[in-house]
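In the working numbering, the protein residues as written are 5 to 642.
What follows is the structure in structure tokens.
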């Protein structure tokens with residue numbers, strides 16, 4: 005009772021602040037959903053997930069280059085190579101880590117071991133661990149016979165981490181530098197996936213078509229057509245989208261790529277339903293469960309089929325199937341789409357029986373699935389969302405619910421979605437605890453939801469009033485914009501950076517951020533505020549030469565770049581970007597590397613906003629990306 009009363013008091017004491025933060029932090033957690041799902045099929049190592057495509061190590065084997073065994077290698081490294089070639093990737097990682105400390109710098113043994121470590125970590129899904137050896141191999145062994153493969157995997161691995169902008173830069177450089185690579189079809193596919201994640205629909209479509217035209221026999225041709233279908237779906241061309249998904253399904257079935265075929269059929273349920281062809285959509289649904297009832301896409305297909313089934317008076321049949329599938333989920337096969345499936349289930353169940361009955365049903369399902377902690381947690385989230393959606397007057401009950409979660413569950417054992425949900429709630433009345441929850445999530449192995457956590461953490465720190473926390477918030481916003489750039493979070497992050505830079509009186513950063521914000525006519529969240537802020541912006545004095553005799557490292561300031569708008573003169577902007585790279589190089593030579601890294605990141609971000617860059621600007625952006633990756637590796641190494 006005491007805890008309940010305490011919660012009530014907190015609720016009313018922080019009501020106004022709570023409303024403000026809820027609006028700020030409630031950013032859609034389903035951002036770039038298709039692109040994140042599509043990462044399952046992305047990369048040269050996606051063969052196993054797509055069907056019977058062979059998992060090949062890369063250019064060194066596929067291009068007929070000298071095999072590792074033909075080089076003078078120690079017996080231990082030869083054994084490591086055999087483990088790797090047999091696709092024993094987990095074992096290869098263990099072997100490498102027992103050997104690598106004793107290998108001579110620059111030796112063929114170290115070259116081979118570092119490459120195998122990076123790719124093996126990539127294959128086993130340990131993508132954050134994989135980035136360092138892949139980056140190190142690119143820096144330490146630029147002339148290695150594995151150099152092209154390491155270059156590709158470094159970019160593809162960033163894609164696996166949803167670092168869309170960083171991945172795009174590395175993949176662009178690979179495509180430009182190695183036009184004859186036998187990994188080119190995979191590189192183009194990965195680049196197209198990045199374009200899709202950033203809502204660059206035409207670029208995604210063009211890359212997918214390039215694969216079709218130039219790599220007609222590629223093992224990933226069905227996935228390339230999937231991308232075309234998704235672009236057409238997003239741009240409202242539903243009939244053409246349906247045709248593309250049919251082509252992708254047929255191609256996948258011929259190739260024996262079961263997961264791709266099931267994915268395409270699931271998409272057919274959706275696009276036919278969006279055309280209100282309910283009978284056809286239901287037919288696709290029935291075909292799916294006739295052919296792929298145990299597919300990893302089955303739960304999402306069952307959820308997608310509820311709308312057409314409801315139009316054909318088959319709602320209960322669809323709900324029963326979805327419920328049976330939920331009950332049958334095991335701890336080893338928790339699908340990514342589980343929470344989304346609960347939302348769809350809840351919408352149609354509440355339409356039939358009402359939200360109060362829905363809460364009771366979720367409680368019953370919790371009893372039926374006792375022992376499956378992950379499923380139990382998903383049901384708790386589902387119950388919370390019902391309360392928050394349908395029972396807005398029951399805030400005290402919601403608060404008690406959150407307090408119970410915080411007391412009964414270990415934070416480290418909770419899913420990303422649950423941690424994000426609790427962190428948002430806690431931050432409304434205790435920002436310090438919200439920081440702890442989000443920091444744990446960012447430091448956690450794995451990549452799901454990290455971009456959203458970075459932005460949410462920066463938002464909390466930005467309103468703390470503490471200069472140290474505010475500077476951390478600024479770094480967080482900048483890190484997100486440079487590395488991720490997820491479209492549904494980008495406006496929020498740039499707006500946060502602009503406001504915070506003004507509070508910190510960093511007028512160069514504030515001006516640049518507001519100008520970039522205004523360059524997006526589709527952004528309306530704070531357009532009037534941006535115009536007013538620009539009108540009040542103080543005049544900026546000319547920046548002194550950084551290499552003057554009196555220069556001190558802590559006095560380095562950012563250089564200002566003109567607003568990058570769609571119709572700006574690209575030659576003028578190219579000159580500005582080039583001058584900033586020159587400035588960064590001077591800083592590097594002077595040992596001021598962190599400031600140089602920030603400038604190079606800004607060059608990459610600003611260059612990425614140019615709608616139609618010419619060849620000169622593309623080359624500048626590529627150069628900045630390479631310099632930045634190398635510098636980032638150096639800083640990580642120390």
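Each residue gets a CB set at the ideal place from its N, CA and C atoms; glycine is no exception.
None of these values were measured; they are calculated from a predicted model.
Between residue 523 and residue 514, the beta carbon gap of about 15 Å keeps them out of contact (Cβ cut-off 8 Å). C-alpha of residue 429 to C-alpha of residue 399: approximately 11 Å in a straight line. Between residue 465 and residue 437, the alpha-carbon positions lie close to 11 Å from each other. Across the structure, residue 636 and residue 601 are spaced so that their CA atoms are roughly 7 Å apart. Distance from the CA of residue 583 to the CA of residue 609, rounded to the nearest whole angstrom, comes to 15 Å.
By the beta-carbon neighbour count (other beta carbons within 10 angstroms, threshold 16), residue 167 is buried. Judged by DSSP in its simplified three-state form, residue 168 adopts helix. Listed in chain order, the non-local C-beta contacts of residue 244 below 6 Å within the same chain comprise 236, local neighbours out to five positions each way being set aside. Ranked by how close their Cα comes to the Cα of residue 194, the residues 156, 256, 496 and 473 have 156 in first place. Ranked by Cα distance from residue 129, the first of 142, 94 and 140 is 94.
If you draw a 10 Å sphere on the C-beta of residue 317, you find fewer than 16 other C-beta atoms in it, and that means exposed. Rounded to whole angstroms, the separation of the alpha carbons of residue 272 and residue 349 is 20 Å.
Classified as buried, residue 246 has 16 or more neighbouring CB atoms from the shown chains inside 10 Å of its CB.
Within a 10 Å sphere around the beta-carbon of residue 403 sit 16 or more other beta-carbons, which makes this residue buried. Short of 8 Å from the beta carbon of residue 444, and not among the five residues preceding or following it, lie these beta carbons of its own chain, in chain order: 415, 416 and 423. Comparing alpha-carbon positions, the option among 619, 625 and 618 lying closest to residue 586 turns out to be 625.
Under the three-state reduction of DSSP output, residue 150 falls in the coil class, being neither helix nor strand.
Counting other Cβ atoms within 10 Å of its Cβ, residue 598 stays below 16 and is therefore classed as exposed. If you check the CB distance, residue 294 and residue 310 do not come in under 9 Å.
When rounded, the separation of the alpha-carbon atoms in residue 76 and residue 92 is 22 Å. Rounded to whole angstroms, the Cβ separation of residue 137 and residue 121 is 5 Å, and the two are in contact under 8 Å.
Of 475, 302 and 440, the smallest CA-CA separation from residue 268 is found for 302. Between residue 132 and the set 389, 290, 117 and 164, the nearest pair of CA atoms involves 164.
Less than 9 Å divides the Cβ of residue 255 from the Cβ of residue 229. In the three-state scheme derived from DSSP, where H, G and I count as helix and E and B as strand, residue 130 is classed as coil. Residues 323, 361, 362 and 365 of the same chain have their beta carbon placed closer than 8 Å to that of residue 353, with the five preceding and five following residues left out of the count.
Contact between the region 182 to 196 and the region 207 to 222 is established, with three or more Cβ pairs separated by less than 8 Å. For the set 98, 222 and 103, the Cα lying nearest the Cα of residue 79 is the one of 103.
Between the alpha carbons of residue 358 and residue 394 lies a distance of about 10 Å. In the three-state DSSP reduction, residue 184 falls in the coil class, being neither helix nor strand.
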